[in-house]
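From first to last, the protein sequence lines stand for chains A and B.
Heads up: the first sequence at position 54 corresponds to 54 in my numbering, and the numbers run straight through without jumps.
Heads up: the second sequence at position 138 corresponds to 138 in my numbering, and the numbers run straight through without jumps.
Take a look at the structure set out below.
Protein chains: 2
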Amino acid sequence: MRKKAPGSYHHGDLRRSLIDAGRMLLAKNNSGGLSLREVAKVAGVSHTAPYRHFKDKAELLAAIAETGFHQLRADAERVAHTYRETPLQQYTHCAARYVRFAVENPETAHLMFGGGIDMRTAPPSLKQASWATFELLIEIIENGKQAGLYKAVDTMDLAVATWSGIHGLSLLIANGYLTQLAASDSQIDGLAQRVARLLLEGIRK
Amino acid sequence: MRKKAPGSYHHGDLRRSLIDAGRMLLAKNNSGGLSLREVAKVAGVSHTAPYRHFKDKAELLAAIAETGFHQLRADAERVAHTYRETPLQQYTHCAARYVRFAVENPETAHLMFGGGIDMRTAPPSLKQASWATFELLIEIIENGKQAGLYKAVDTMDLAVATWSGIHGLSLLIANGYLTQLAASDSQIDGLAQRVARLLLEGIRK
DNA sequence: TGGCCATGTTTACTCTGGCAACTCATTTTG
DNA sequence: CAAAATGAGTTGCCAGAGTAAACATGGCCA
């Protein structure tokens, strides 16, 4: 989190600093939101300086969400690479990673998926970042399909179904709907495993 | 939406009017949020009158979310009753109803599930309303289980898995992540059907 | 070297949430 | 039945936040 060197007029990389400060504050004021002025202060800059880099507050939030997508994609990509030879494990471990991301970064997840941003009208770079994340999921499904793991159904349907399941579970946990079943980290992992399994095998007898 | 009769001092049922006004405004200012003063104005009352009924803004929002849960539960209950003899259809049609609720009331859904409210610290009546909704789902699963429809797995796991899937799909659509696949109402229904089916049968070959 | 333009600053305006003190109407009670 | 108590709504106020406009600064290119 670079601050402006005191005395110097120009900052150097304010845009980046604002995003970093934003994420930091978002994590600190748990779900209490975030004020542009606060962000500016943390970055060591006057409260209107952000407007040189973002049209308005929503655009800063969108940029923060974008870093969330980049992180999520990078996290999942690492896991996917580790299990590149075993499609089934690739799927389950990536799913678990997705859930962990939401649980570990609830405010960022809230920003990305909470409805504050409508993807239909989001900035192009954000759309692209979210799309790139989804593409990774499609790849993973495609991998499994070619290994004969999944049904011969439209890949898109398979991908949407699993995405929905993992996504829904992540948000339910992150928003405290499953406190009874998923209090500790190990319980969360366990639940994620079992749900991923059920998505795979179906609930039907 | 009852307004105060002009000239009369007392309103009669302000609490209810504020909630109604809130939902109306939420729907109008699409996802633009909602101001307490605006709500008060619509209800025909001074800007601090709401404080006689709600501790603060968050509490009003929680009350609005609560009506959302009541509506969702009532909607689903009606569907569940209609298909009470056929557990499979009961499941698929309730799932479709859940998705429609989110798509038709995106702002309310946003409030309920967007992370603005953490269920762990929510007002008891809200917790109860959300729990009652989940209970209906559990009942539906239990029905199917007794009809020999589902795997002999912990009902809670079955319920969480399907809830996650439907919930995730609903939010993905409502937040515009699946615009390509789910633009029209009929496309949404179709997608919901196929996803519900995949949750049932699993994606594995 | 001198002027331009991107980047930051200052100032000011509006909107919002929330507190305090006041008023009005209804209900309870001596 | 009058008067106090209480619940419901109002007026006024303040601090914090988003943002527009005018101004300042300083690095870069002609």
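Glycine included, C-beta positions come from ideal geometry on N, C-alpha and C.
Work out the CA separation of residue j and residue i for me, nearest whole Å.
{"i": "Leu172/A", "j": "Ser164/B", "result": "7 Å"}
{"i": "Leu169/A", "j": "Leu25/A", "result": "26 Å"}
{"i": "Arg97/A", "j": "Arg15/B", "result": "43 Å"}
{"i": "Phe113/B", "j": "Ala132/B", "result": "15 Å"}
{"i": "Ala122/B", "j": "Gly148/A", "result": "46 Å"}
{"i": "Asn30/A", "j": "Gly190/B", "result": "38 Å"}
{"i": "Leu36/B", "j": "Thr48/B", "result": "8 Å"}
{"i": "Asp118/A", "j": "Ala174/B", "result": "8 Å"}
{"i": "Tyr51/A", "j": "Val39/A", "result": "12 Å"}
{"i": "Ile188/A", "j": "Asp13/A", "result": "38 Å"}
{"i": "Glu72/B", "j": "Glu85/A", "result": "Strictly speaking, residue 72/B in this sequence is Leu, with Glu absent from that position. Cα to Cα, the separation comes out at about 43 Å."}
{"i": "Ser79/A", "j": "Val153/A", "result": "Reading off the sequence, residue 79/A comes out as Val, not Ser. So the two alpha carbons sit approximately 25 Å from each other."}
{"i": "Glu135/A", "j": "His53/B", "result": "48 Å"}
{"i": "Arg194/A", "j": "Ala63/B", "result": "34 Å"}
{"i": "Ala102/B", "j": "Ala76/A", "result": "28 Å"}
{"i": "Lys145/B", "j": "Thr67/B", "result": "30 Å"}
{"i": "Tyr83/B", "j": "Tyr83/A", "result": "43 Å"}
Nearest by alpha-carbon distance to residue i: which of the options is it?
{"i": "Ser125/A", "options": "Lys41/A, Val42/A, Phe69/A", "result": "Phe69/A"}
{"i": "Gln180/B", "options": "Leu169/A, Gly190/A, Val160/A", "result": "Val160/A"}
{"i": "Glu139/B", "options": "Leu88/B, Ile188/B, Ser186/B", "result": "Leu88/B"}
{"i": "Lys57/A", "options": "Arg78/A, Arg204/A, Arg73/A, Gly33/A", "result": "Gly33/A"}
{"i": "Thr108/B", "options": "Gly202/B, Ala21/B, Glu201/B", "result": "Ala21/B"}
{"i": "Ala27/A", "options": "Ala95/A, His93/A, Leu111/A", "result": "Leu111/A"}
{"i": "Ala74/A", "options": "Leu137/A, Ala49/A, Ala40/A", "result": "Leu137/A"}
{"i": "Arg100/B", "options": "Ile64/B, Arg197/B, Leu200/B, Ser186/B", "result": "Ser186/B"}
{"i": "Ala196/B", "options": "Phe134/B, Lys55/B, Leu72/B, Gln90/B", "result": "Gln90/B"}
{"i": "Lys127/B", "options": "Arg84/A, Leu178/A, Leu72/A", "result": "Leu178/A"}
Run the CB neighbour count on residue i, radius 10 Å, all protein chains shown included, and call it buried at 16 or more, exposed below.
{"i": "Asn143/A", "result": "buried"}
{"i": "Ser130/B", "result": "buried"}
{"i": "Met1/A", "result": "Note on Met1/A: pLDDT 48, under 50, position unreliable in the model; the coordinate value appears next. Result: exposed."}
{"i": "His81/A", "result": "exposed"}
{"i": "Arg23/B", "result": "buried"}
{"i": "Ala183/B", "result": "exposed"}
{"i": "Glu92/B", "result": "Contrary to the premise, residue 92/B reads as Thr rather than Glu in this sequence. Burial call: buried."}
{"i": "Glu104/B", "result": "exposed"}
{"i": "Thr162/A", "result": "buried"}
{"i": "Lys55/A", "result": "exposed"}
Would you please state the rounded distance, in angstroms, between the beta carbons of residue i and residue j? I believe it to be under 8 Å.
{"i": "Leu18/B", "j": "Leu60/B", "result": "6 Å"}
{"i": "His11/B", "j": "Val45/B", "result": "6 Å"}
{"i": "Lys151/A", "j": "Tyr150/B", "result": "Not confirmed; about 19 Å, so no contact."}
{"i": "Arg120/B", "j": "Gly176/A", "result": "4 Å"}
{"i": "Ala65/A", "j": "Ala192/A", "result": "Actually they do not touch by this definition, with Cβ atoms about 23 Å apart."}
{"i": "Thr155/A", "j": "Ile141/A", "result": "6 Å"}
{"i": "Leu198/B", "j": "Leu158/A", "result": "7 Å"}
{"i": "Gly115/A", "j": "Pro106/B", "result": "7 Å"}
* What alpha helix (DSSP H) runs, 4 residues minimum, are completely inside the region 143 to 196 of chain A? -> DSSP runs (the alpha helix (DSSP H)) wholly in the region 143 to 196 of chain A: 155 to 174.
* Would you list, in sequence order, the uninterrupted alpha helix (DSSP H) runs of no fewer than 4 residues that lie entirely inside the region 12 to 97 of chain A? => Runs found: 14 to 28, 36 to 43, 57 to 82.
* Asked: What are the uninterrupted segments assigned as alpha helix (DSSP H) that are 4 or more residues long and contained completely in the region 116 to 145 of chain B, given in chain order?
  -> Counting whole runs of 4 or more residues, the region 116 to 145 of chain B contains no alpha helix (DSSP H) stretch at all.
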